[in-house]
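Shown next, in structure tokens, is the structure this report addresses.
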Amino acid sequence: MRYQEVEAAIQQLIDAAGEDDLHAFGLATITRLTTADLVDEADEDDLDEDAQAALATALETVATADASELRALLDRIDEGTLADGDMDSGLLIVLTALEHWTTYLEEHRRGELYELAIRSLEEVDYRVSAALDDFLAEPEMAAEYARIRQLLTA
């Protein structure tokens, strides 16, 4: 499957999924991404101390925090971001995923979960570097795509 075909298939799955499946998918995906050790490479040049503390709290509470709690933590992280266009890739994936999950909790827009699914694929690509013309050729990428499909069609 080409990358564009994977994107289109995920969009169709998101569009067809029921609200309970969407929420379960989002929760499982944000939990996976925030426990994937993606921020291990980040250093003090990316976030100040308060932003690092807010990120740690967000990572610990993402499964139980409500939208307002997560938004407050994201605001602290944003205010304490020191990186000027050169943020650690893993940290960027996590922060973007947290933003999409928080916005989904606030507004219930399906597009946020589509973006979360793409961040999840990016996390796998970050580890295995999938080819765009055969995006699911790597076993890790095929497994992530299968995970997404299963959660959205439960």
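Each residue of the sequence shown is one higher than the last, beginning at 1 in full-length UniProt numbering.
Using N, Cα and C, we set each Cβ at its ideal position, and we do this for glycine too.
Annotation: the continuous alpha helix (DSSP H) that includes Glu79 extends over 67-79. Cβ atoms of Ala97 and Ile30 come within 8 Å of each other, at about 6 Å. In the structure shown, the three-state DSSP call for Leu47 is strand. Here Thr35 is exposed: its Cβ has fewer than 16 other Cβ atoms, across all protein chains shown, within 10 Å. Counting every other CB atom within 10 Å of its CB across the protein chains shown gives Arg109 a total below 16, marking it as exposed. Below 8 Å, too few C-beta pairs join the region 73-88 and the region 106-124 to call them touching: fewer than three. One Cα belongs to Leu38, the other to Leu70, and the distance between them is close to 19 Å. Here Ala131 carries a strand assignment [DSSP, helix/strand/coil].
Selection Thr81, Asp40, Ala56 evaluated against Leu47 yields Thr81 as nearest (Cα-Cα). In the structure shown, the three-state DSSP call for His100 is helix. Within its own chain, the residues whose Cβ lies closer than 8 Å to the Cβ of Tyr114, once the five positions on either side in sequence are excluded, are Ile10, Gln11, Ile14, listed in chain order. A residue is called buried when at least 16 other Cβ atoms come within 10 angstroms of its Cβ; Ala58 meets this threshold and is buried. Remark: C-beta atoms of Leu105 and Phe25 do not approach each other more closely than 8 Å. Annotation: Ala65 to Glu112 spans about 17 Å, alpha carbon to alpha carbon. Annotated three-state conformation of Asp21 is helix, per DSSP.
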